[in-house]
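Numbering (our numbering), first residue to last: 1 to 375.
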Amino acid sequence: MDSARQWNGFVCPDCRLVFRVPGGCAGGGVVCPSCKRLLRIPGLGDQPPLLPLPKIQPLKPTENTDDLKVPQITKQRRRHPKKSIEHGSDDQSWESETTFSKKGNNRQSLKGLIFGAATLALLLILGGILLLQKDDKKPVVAVERIAPTVPVAPSEPDEKNLINAQAAAIKVEPLVRKFLSAKTVDEILPLVRNPQVAESRIKNFYPEGKMIPFELAQYNLPGTADSADEVVSIYVRDRDFKDREIALIATPEGYKIDWESWIGWSEISVSDFMAKKPENPKTFRVTLSEVKYYNFDFTDDSKWTSYRIGFPNQESLYGYVEKDSILHQRIKLQEGQKQQKVILSLKYPPEASRNDQVLVHDLLSIGWVDQMKPE
(Lines of atoms letter the chains of each structure in order from A; the text may use other names.)
(Lines give C-alpha, C1' and ligand atoms only; values in the text may rest on other atoms or scores of the structure.)
Protein backbone atom coordinates (compact mmCIF):
# COMPACT_ATOMS: atom_id res chain seq x y z
CA MET A 1 0.00 0.00 0.00
CA ASP A 2 3.02 2.37 0.62
CA SER A 3 3.99 2.25 -3.05
CA ALA A 4 0.58 3.53 -4.15
CA ARG A 5 0.36 6.37 -1.62
CA GLN A 6 2.05 9.74 -2.28
CA TRP A 7 4.14 11.27 0.46
CA ASN A 8 5.38 14.82 1.04
CA GLY A 9 8.29 16.00 3.13
CA PHE A 10 7.69 18.23 6.14
CA VAL A 11 10.08 19.96 8.58
CA CYS A 12 9.05 20.59 12.16
CA PRO A 13 9.62 24.33 12.81
CA ASP A 14 10.47 23.61 16.47
CA CYS A 15 12.81 20.62 16.54
CA ARG A 16 13.62 20.67 12.79
CA LEU A 17 12.87 16.98 12.44
CA VAL A 18 12.31 16.06 8.81
CA PHE A 19 9.52 13.54 8.38
CA ARG A 20 6.97 12.62 5.76
CA VAL A 21 3.23 13.16 5.67
CA PRO A 22 0.63 11.58 3.36
CA GLY A 23 -0.20 13.51 0.20
CA GLY A 24 -3.59 15.17 0.03
CA CYS A 25 -3.44 16.38 3.64
CA ALA A 26 -2.70 20.02 2.78
CA GLY A 27 -4.34 22.34 5.25
CA GLY A 28 -4.69 19.60 7.84
CA GLY A 29 -2.89 18.95 11.09
CA VAL A 30 -0.11 16.55 12.05
CA VAL A 31 1.77 15.72 15.25
CA CYS A 32 5.55 15.86 15.15
CA PRO A 33 6.93 12.39 15.97
CA SER A 34 9.80 13.95 17.93
CA CYS A 35 8.51 16.87 19.96
CA LYS A 36 4.81 15.82 19.83
CA ARG A 37 3.72 19.31 18.83
CA LEU A 38 0.54 19.72 16.79
CA LEU A 39 1.50 21.35 13.50
CA ARG A 40 -0.52 22.67 10.56
CA ILE A 41 0.36 21.47 7.08
CA PRO A 42 0.42 24.48 4.70
CA GLY A 43 -2.15 24.55 1.88
CA LEU A 44 -1.36 24.95 -1.81
CA GLY A 45 -1.50 28.78 -1.71
CA ASP A 46 0.02 29.26 1.75
CA GLN A 47 3.44 30.75 2.32
CA PRO A 48 5.52 28.34 4.36
CA PRO A 49 6.64 29.96 7.62
CA LEU A 50 10.28 30.74 8.06
CA LEU A 51 12.16 28.37 10.24
CA PRO A 52 13.37 30.07 13.42
CA LEU A 53 17.08 30.28 13.88
CA PRO A 54 18.52 28.51 16.85
CA LYS A 55 19.14 30.70 19.82
CA ILE A 56 22.84 31.40 20.25
CA GLN A 57 23.91 32.34 23.72
CA PRO A 58 27.19 34.14 24.27
CA LEU A 59 29.96 31.86 25.35
CA LYS A 60 31.57 32.27 28.65
CA PRO A 61 35.33 32.64 28.64
CA THR A 62 35.80 29.32 30.37
CA GLU A 63 33.53 27.43 27.97
CA ASN A 64 34.58 25.91 24.67
CA THR A 65 32.26 26.24 21.64
CA ASP A 66 33.06 22.67 20.64
CA ASP A 67 31.62 21.47 23.94
CA LEU A 68 28.32 23.15 23.18
CA LYS A 69 27.95 21.42 19.82
CA VAL A 70 28.50 17.91 21.13
CA PRO A 71 25.21 17.64 23.06
CA GLN A 72 23.23 18.69 19.96
CA ILE A 73 24.95 16.12 17.76
CA THR A 74 24.59 13.46 20.43
CA LYS A 75 20.92 14.24 20.87
CA GLN A 76 20.26 13.90 17.15
CA ARG A 77 22.21 10.66 16.97
CA ARG A 78 20.21 9.25 19.87
CA ARG A 79 17.04 10.03 17.98
CA HIS A 80 17.93 8.78 14.49
CA PRO A 81 20.68 6.17 14.38
CA LYS A 82 18.30 3.27 15.22
CA LYS A 83 16.10 4.30 12.33
CA SER A 84 19.06 4.52 9.98
CA ILE A 85 20.33 1.08 10.92
CA GLU A 86 16.94 -0.67 10.84
CA HIS A 87 15.33 1.05 7.84
CA GLY A 88 18.23 2.20 5.72
CA SER A 89 17.62 6.00 5.69
CA ASP A 90 17.01 8.86 8.07
CA ASP A 91 13.85 10.10 6.37
CA GLN A 92 11.74 7.05 7.41
CA SER A 93 9.09 8.05 9.96
CA TRP A 94 7.55 6.26 12.93
CA GLU A 95 4.79 5.06 10.60
CA SER A 96 7.39 3.26 8.50
CA GLU A 97 8.72 1.54 11.61
CA THR A 98 5.27 0.16 12.38
CA THR A 99 4.85 -1.04 8.80
CA PHE A 100 8.16 -2.86 8.76
CA SER A 101 7.45 -4.41 12.16
CA LYS A 102 4.10 -5.75 10.96
CA LYS A 103 5.69 -7.15 7.82
CA GLY A 104 8.28 -8.95 9.92
CA ASN A 105 5.64 -10.45 12.16
CA ASN A 106 3.59 -11.50 9.12
CA ARG A 107 6.60 -13.25 7.62
CA GLN A 108 7.20 -15.14 10.88
CA SER A 109 3.50 -16.11 11.09
CA LEU A 110 3.55 -17.27 7.47
CA LYS A 111 6.60 -19.43 8.16
CA GLY A 112 4.82 -20.98 11.17
CA LEU A 113 1.72 -21.73 9.12
CA ILE A 114 3.75 -23.32 6.33
CA PHE A 115 5.67 -25.47 8.82
CA GLY A 116 2.46 -26.57 10.58
CA ALA A 117 0.72 -27.41 7.30
CA ALA A 118 3.70 -29.44 6.13
CA THR A 119 3.82 -31.36 9.42
CA LEU A 120 0.08 -32.11 9.26
CA ALA A 121 0.33 -33.28 5.65
CA LEU A 122 3.22 -35.58 6.57
CA LEU A 123 1.23 -37.11 9.46
CA LEU A 124 -1.79 -37.67 7.20
CA ILE A 125 0.36 -39.39 4.59
CA LEU A 126 1.96 -41.66 7.20
CA GLY A 127 -1.47 -42.48 8.68
CA GLY A 128 -2.85 -43.32 5.24
CA ILE A 129 0.07 -45.63 4.55
CA LEU A 130 -0.46 -47.44 7.86
CA LEU A 131 -4.19 -47.84 7.18
CA LEU A 132 -3.53 -49.20 3.71
CA GLN A 133 -1.04 -51.67 5.11
CA LYS A 134 -3.57 -52.69 7.78
CA ASP A 135 -6.36 -53.14 5.22
CA ASP A 136 -4.09 -55.14 2.96
CA LYS A 137 -3.67 -57.70 5.72
CA LYS A 138 -7.39 -58.24 6.36
CA PRO A 139 -8.29 -60.16 3.19
CA VAL A 140 -5.38 -62.53 3.74
CA VAL A 141 -6.51 -63.36 7.27
CA ALA A 142 -10.15 -63.71 6.18
CA VAL A 143 -9.26 -66.11 3.37
CA GLU A 144 -7.13 -68.26 5.63
CA ARG A 145 -9.87 -68.43 8.27
CA ILE A 146 -12.88 -68.96 5.99
CA ALA A 147 -11.47 -71.15 3.20
CA PRO A 148 -11.19 -74.38 5.25
CA THR A 149 -14.87 -74.17 6.26
CA VAL A 150 -16.19 -74.14 2.67
CA PRO A 151 -17.41 -77.63 1.73
CA VAL A 152 -16.49 -79.10 -1.63
CA ALA A 153 -20.02 -80.04 -2.71
CA PRO A 154 -22.53 -78.40 -0.34
CA SER A 155 -25.55 -78.22 -2.63
CA GLU A 156 -26.31 -81.90 -3.32
CA PRO A 157 -28.14 -82.76 -0.04
CA ASP A 158 -30.06 -79.46 -0.05
CA GLU A 159 -31.12 -79.85 -3.68
CA LYS A 160 -32.27 -83.40 -3.07
CA ASN A 161 -34.22 -82.34 0.01
CA LEU A 162 -35.78 -79.43 -1.89
CA ILE A 163 -36.85 -81.69 -4.75
CA ASN A 164 -38.39 -84.17 -2.33
CA ALA A 165 -40.12 -81.39 -0.36
CA GLN A 166 -41.56 -79.74 -3.48
CA ALA A 167 -42.78 -83.07 -4.80
CA ALA A 168 -44.41 -83.83 -1.46
CA ALA A 169 -45.96 -80.34 -1.31
CA ILE A 170 -47.61 -80.88 -4.68
CA LYS A 171 -48.81 -84.32 -3.62
CA VAL A 172 -50.44 -83.19 -0.36
CA GLU A 173 -51.93 -79.90 -1.62
CA PRO A 174 -55.51 -81.27 -1.98
CA LEU A 175 -55.33 -82.68 1.56
CA VAL A 176 -54.08 -79.36 3.01
CA ARG A 177 -56.73 -77.31 1.21
CA LYS A 178 -59.47 -79.64 2.45
CA PHE A 179 -58.21 -79.41 6.04
CA LEU A 180 -57.93 -75.60 5.99
CA SER A 181 -61.43 -75.15 4.56
CA ALA A 182 -63.12 -77.45 7.13
CA LYS A 183 -65.90 -75.93 9.23
CA THR A 184 -66.58 -78.80 11.68
CA VAL A 185 -64.57 -81.22 13.79
CA ASP A 186 -66.06 -84.18 11.95
CA GLU A 187 -64.58 -82.92 8.68
CA ILE A 188 -60.98 -82.89 9.94
CA LEU A 189 -60.94 -86.11 11.98
CA PRO A 190 -60.25 -88.32 8.91
CA LEU A 191 -57.43 -85.97 7.87
CA VAL A 192 -55.37 -85.83 11.08
CA ARG A 193 -52.59 -88.01 12.38
CA ASN A 194 -53.25 -90.45 15.23
CA PRO A 195 -57.02 -89.79 15.39
CA GLN A 196 -57.58 -92.07 18.41
CA VAL A 197 -55.49 -89.62 20.49
CA ALA A 198 -56.18 -86.40 18.59
CA GLU A 199 -59.99 -86.75 18.59
CA SER A 200 -60.45 -86.04 22.30
CA ARG A 201 -57.99 -83.14 22.14
CA ILE A 202 -59.74 -81.62 19.12
CA LYS A 203 -63.20 -81.93 20.68
CA ASN A 204 -61.98 -80.33 23.91
CA PHE A 205 -60.42 -77.52 21.89
CA TYR A 206 -63.64 -77.00 19.87
CA PRO A 207 -66.34 -77.87 22.44
CA GLU A 208 -69.18 -76.89 20.09
CA GLY A 209 -67.71 -78.90 17.21
CA LYS A 210 -67.48 -75.86 14.93
CA MET A 211 -64.36 -74.37 13.36
CA ILE A 212 -63.50 -71.15 11.56
CA PRO A 213 -61.98 -71.98 8.15
CA PHE A 214 -58.47 -70.74 7.40
CA GLU A 215 -58.75 -68.18 4.58
CA LEU A 216 -55.94 -69.44 2.38
CA ALA A 217 -54.32 -66.78 0.19
CA GLN A 218 -51.13 -68.58 -0.85
CA TYR A 219 -50.09 -72.21 -0.60
CA ASN A 220 -46.46 -73.35 -0.24
CA LEU A 221 -44.56 -70.07 0.09
CA PRO A 222 -41.43 -70.12 -2.11
CA GLY A 223 -38.38 -71.64 -0.46
CA THR A 224 -40.16 -72.75 2.72
CA ALA A 225 -41.02 -76.38 1.98
CA ASP A 226 -38.94 -78.89 3.95
CA SER A 227 -38.77 -82.65 4.09
CA ALA A 228 -37.08 -84.76 6.76
CA ASP A 229 -37.65 -88.47 7.30
CA GLU A 230 -41.44 -88.92 7.37
CA VAL A 231 -42.29 -85.24 8.03
CA VAL A 232 -43.11 -82.62 5.39
CA SER A 233 -43.57 -78.99 6.47
CA ILE A 234 -45.15 -76.29 4.31
CA TYR A 235 -45.86 -72.61 4.95
CA VAL A 236 -49.22 -71.10 4.03
CA ARG A 237 -50.39 -67.47 4.09
CA ASP A 238 -53.85 -66.16 4.94
CA ARG A 239 -55.58 -63.06 3.59
CA ASP A 240 -54.15 -60.96 6.42
CA PHE A 241 -50.63 -61.88 5.22
CA LYS A 242 -49.95 -64.02 8.28
CA ASP A 243 -47.75 -67.03 7.61
CA ARG A 244 -48.16 -70.35 9.42
CA GLU A 245 -46.42 -73.68 9.22
CA ILE A 246 -48.38 -76.88 8.65
CA ALA A 247 -46.77 -80.31 9.07
CA LEU A 248 -47.80 -83.62 7.53
CA ILE A 249 -46.67 -87.08 8.66
CA ALA A 250 -46.27 -90.10 6.39
CA THR A 251 -48.40 -92.98 7.74
CA PRO A 252 -49.45 -96.37 6.32
CA GLU A 253 -52.69 -94.63 5.25
CA GLY A 254 -50.77 -91.85 3.48
CA TYR A 255 -49.90 -88.32 4.62
CA LYS A 256 -51.87 -86.97 7.60
CA ILE A 257 -52.08 -83.49 9.16
CA ASP A 258 -50.29 -83.07 12.50
CA TRP A 259 -53.08 -81.12 14.22
CA GLU A 260 -51.19 -80.60 17.52
CA SER A 261 -48.32 -78.71 15.86
CA TRP A 262 -50.74 -76.70 13.70
CA ILE A 263 -52.71 -75.43 16.68
CA GLY A 264 -49.81 -75.36 19.21
CA TRP A 265 -51.59 -77.79 21.51
CA SER A 266 -50.54 -77.99 25.19
CA GLU A 267 -51.65 -80.24 28.01
CA ILE A 268 -53.04 -77.35 30.06
CA SER A 269 -53.81 -73.71 29.34
CA VAL A 270 -51.21 -71.16 30.36
CA SER A 271 -53.67 -69.31 32.61
CA ASP A 272 -54.53 -72.50 34.55
CA PHE A 273 -50.87 -73.44 34.76
CA MET A 274 -49.93 -70.06 36.27
CA ALA A 275 -52.88 -70.09 38.64
CA LYS A 276 -52.38 -73.61 40.01
CA LYS A 277 -48.54 -73.66 39.91
CA PRO A 278 -48.34 -77.47 39.69
CA GLU A 279 -45.16 -79.19 40.87
CA ASN A 280 -45.72 -82.13 38.50
CA PRO A 281 -44.62 -81.46 34.86
CA LYS A 282 -47.04 -80.44 32.10
CA THR A 283 -46.44 -80.58 28.33
CA PHE A 284 -46.31 -77.36 26.29
CA ARG A 285 -45.46 -76.35 22.73
CA VAL A 286 -43.42 -73.18 23.13
CA THR A 287 -40.79 -70.97 21.53
CA LEU A 288 -37.52 -70.90 23.47
CA SER A 289 -35.07 -67.98 23.51
CA GLU A 290 -32.18 -67.06 25.78
CA VAL A 291 -32.55 -64.22 28.28
CA LYS A 292 -30.64 -63.06 31.36
CA TYR A 293 -33.15 -62.83 34.20
CA TYR A 294 -32.03 -63.93 37.66
CA ASN A 295 -34.37 -62.77 40.40
CA PHE A 296 -36.52 -64.00 43.30
CA ASP A 297 -36.41 -67.84 43.39
CA PHE A 298 -33.58 -68.02 40.80
CA THR A 299 -30.90 -65.47 41.70
CA ASP A 300 -27.77 -67.62 41.30
CA ASP A 301 -26.59 -67.23 37.70
CA SER A 302 -23.72 -69.66 38.38
CA LYS A 303 -26.26 -72.44 38.99
CA TRP A 304 -29.03 -71.63 36.50
CA THR A 305 -29.41 -70.77 32.82
CA SER A 306 -32.48 -68.64 32.10
CA TYR A 307 -34.77 -68.75 29.05
CA ARG A 308 -37.81 -66.89 27.85
CA ILE A 309 -40.64 -69.33 27.12
CA GLY A 310 -43.17 -67.98 24.62
CA PHE A 311 -46.61 -69.55 24.15
CA PRO A 312 -48.82 -69.47 21.02
CA ASN A 313 -51.22 -67.01 22.69
CA GLN A 314 -48.34 -64.49 23.08
CA GLU A 315 -47.96 -65.05 26.85
CA SER A 316 -44.50 -65.82 28.23
CA LEU A 317 -42.73 -67.16 31.32
CA TYR A 318 -39.14 -67.44 32.52
CA GLY A 319 -37.77 -70.98 32.50
CA TYR A 320 -34.62 -72.22 34.29
CA VAL A 321 -32.30 -75.15 33.63
CA GLU A 322 -29.46 -76.26 35.88
CA LYS A 323 -26.06 -75.63 34.37
CA ASP A 324 -23.71 -78.58 33.77
CA SER A 325 -26.72 -80.90 33.49
CA ILE A 326 -27.52 -83.22 30.58
CA LEU A 327 -30.72 -81.26 29.95
CA HIS A 328 -28.69 -78.06 29.67
CA GLN A 329 -26.54 -79.61 26.95
CA ARG A 330 -29.63 -80.81 25.05
CA ILE A 331 -31.69 -77.65 25.29
CA LYS A 332 -29.14 -74.90 24.72
CA LEU A 333 -29.44 -73.00 21.46
CA GLN A 334 -26.83 -73.25 18.76
CA GLU A 335 -24.40 -70.37 18.24
CA GLY A 336 -26.15 -67.53 16.42
CA GLN A 337 -29.61 -69.08 16.94
CA LYS A 338 -32.06 -66.61 18.49
CA GLN A 339 -35.03 -68.91 19.16
CA GLN A 340 -36.26 -72.47 18.69
CA LYS A 341 -39.66 -74.15 18.62
CA VAL A 342 -39.66 -77.03 21.13
CA ILE A 343 -41.97 -79.27 23.15
CA LEU A 344 -41.13 -78.93 26.87
CA SER A 345 -42.42 -80.32 30.12
CA LEU A 346 -42.61 -77.53 32.71
CA LYS A 347 -43.29 -77.42 36.43
CA TYR A 348 -43.04 -75.07 39.39
CA PRO A 349 -40.45 -75.41 42.16
CA PRO A 350 -41.72 -76.27 45.66
CA GLU A 351 -43.27 -73.26 47.40
CA ALA A 352 -42.75 -71.04 44.35
CA SER A 353 -43.05 -67.34 45.22
CA ARG A 354 -43.68 -66.28 41.62
CA ASN A 355 -46.00 -67.63 38.95
CA ASP A 356 -43.84 -66.38 36.04
CA GLN A 357 -40.74 -68.46 36.93
CA VAL A 358 -40.77 -72.21 36.22
CA LEU A 359 -38.42 -75.18 36.05
CA VAL A 360 -37.78 -76.87 32.71
CA HIS A 361 -38.28 -80.53 33.57
CA ASP A 362 -37.49 -82.09 30.18
CA LEU A 363 -37.06 -81.47 26.45
CA LEU A 364 -39.53 -83.73 24.61
CA SER A 365 -38.90 -82.65 21.01
CA ILE A 366 -37.14 -80.12 18.81
CA GLY A 367 -39.94 -78.51 16.82
CA TRP A 368 -43.66 -78.80 17.49
CA VAL A 369 -44.08 -82.20 15.85
CA ASP A 370 -44.01 -85.02 18.38
CA GLN A 371 -41.61 -87.55 16.84
CA MET A 372 -42.78 -90.40 19.10
CA LYS A 373 -44.88 -92.90 17.18
CA PRO A 374 -48.27 -93.70 18.70
CA GLU A 375 -48.61 -97.06 20.40
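Each residue gets a CB set at the ideal place from its N, CA and C atoms; glycine is no exception. Just so it is clear, the structure is predicted and the values come from calculations on it, not from any experiment.
In the structure shown, Pro190 adopts helical secondary structure according to DSSP, grouped into three states. The three-state secondary structure of Thr119, taken from DSSP, is helix.
Secondary-structure assignment with DSSP links Leu333 through no beta bridge to anything. Distance from the CA of Gln340 to the CA of Thr184, rounded to the nearest whole angstrom, comes to 32 angstroms. For Arg37, no pairing in a beta bridge is given by DSSP.
Across the structure, Ser353 and Asn295 are spaced so that their CA atoms are roughly 11 angstroms apart. In this structure, the beta-carbon distance from Ser325 to Arg308 does not fall below 8 angstroms. If you look at Ser289, you'll find it in the beta strand (DSSP E) that goes 282-290. Contact annotation: Thr283 and Ile188 have beta-carbon atoms that are not nearer than 8 angstroms. Counting only residues of its own chain and dropping the five nearest sequence neighbours on each side, His328 has a CB closer than 7 angstroms to the CB of Thr305, Val321, Glu322.
Scanning its chain for C-beta atoms nearer than 8 angstroms, with the 5 sequence neighbours on each side dropped, one finds around Asn280 the residues Lys347, in chain order. DSSP places Lys276 in the uninterrupted alpha helix (DSSP H) bounded by 270-276. Annotated three-state conformation of Ser365 is strand, per DSSP. Taken in chain order, the unbroken stretches of alpha helix (DSSP H) that lie wholly in the stretch 301-349 and span 4 residues or more are 326-331.
Taken atom to atom, the span from the alpha-carbon of Leu317 to that of Gln357 is near 6 angstroms. Under the DSSP assignment, Gln218 falls outside any alpha helix (DSSP H), being part of the beta strand (DSSP E) whose first and last residues are 216-219. A check of alpha carbon separations from Arg37 across Gly24, Pro22, Phe205, Cys12 identifies Cys12 as the nearest. In the structure shown, Gly9 adopts extended strand secondary structure according to DSSP, grouped into three states.
Of all alpha-carbon atoms in Val31, Ala26, Asp370, the one lying nearest the alpha-carbon of Glu230 is that of Asp370.
Between Phe10 and Val30, the gap from beta carbon to beta carbon is short of 8 angstroms.
Here Ile263 is near Phe205, since their CB atoms are less than 8 angstroms apart. For Ser233, the uninterrupted beta strand (DSSP E) run begins and ends at 231-238, by DSSP.
The stretch 206-213 makes no contact with the stretch 245-264, as fewer than three CB pairs between them are under 8 angstroms. Spatial neighbours of Asp238 in its own chain (CB-CB distance under 7 angstroms, excluding positions within 5 residues in sequence) are listed in chain order as Phe214, Glu215, Leu216, Ala217.
For Pro195, the enclosing alpha helix (DSSP H) begins and ends at 195-205. Per DSSP, reduced to three states, the secondary structure at Ile163 is helical. Taking the Cα positions, Leu175 is about 16 angstroms away from Ala225.
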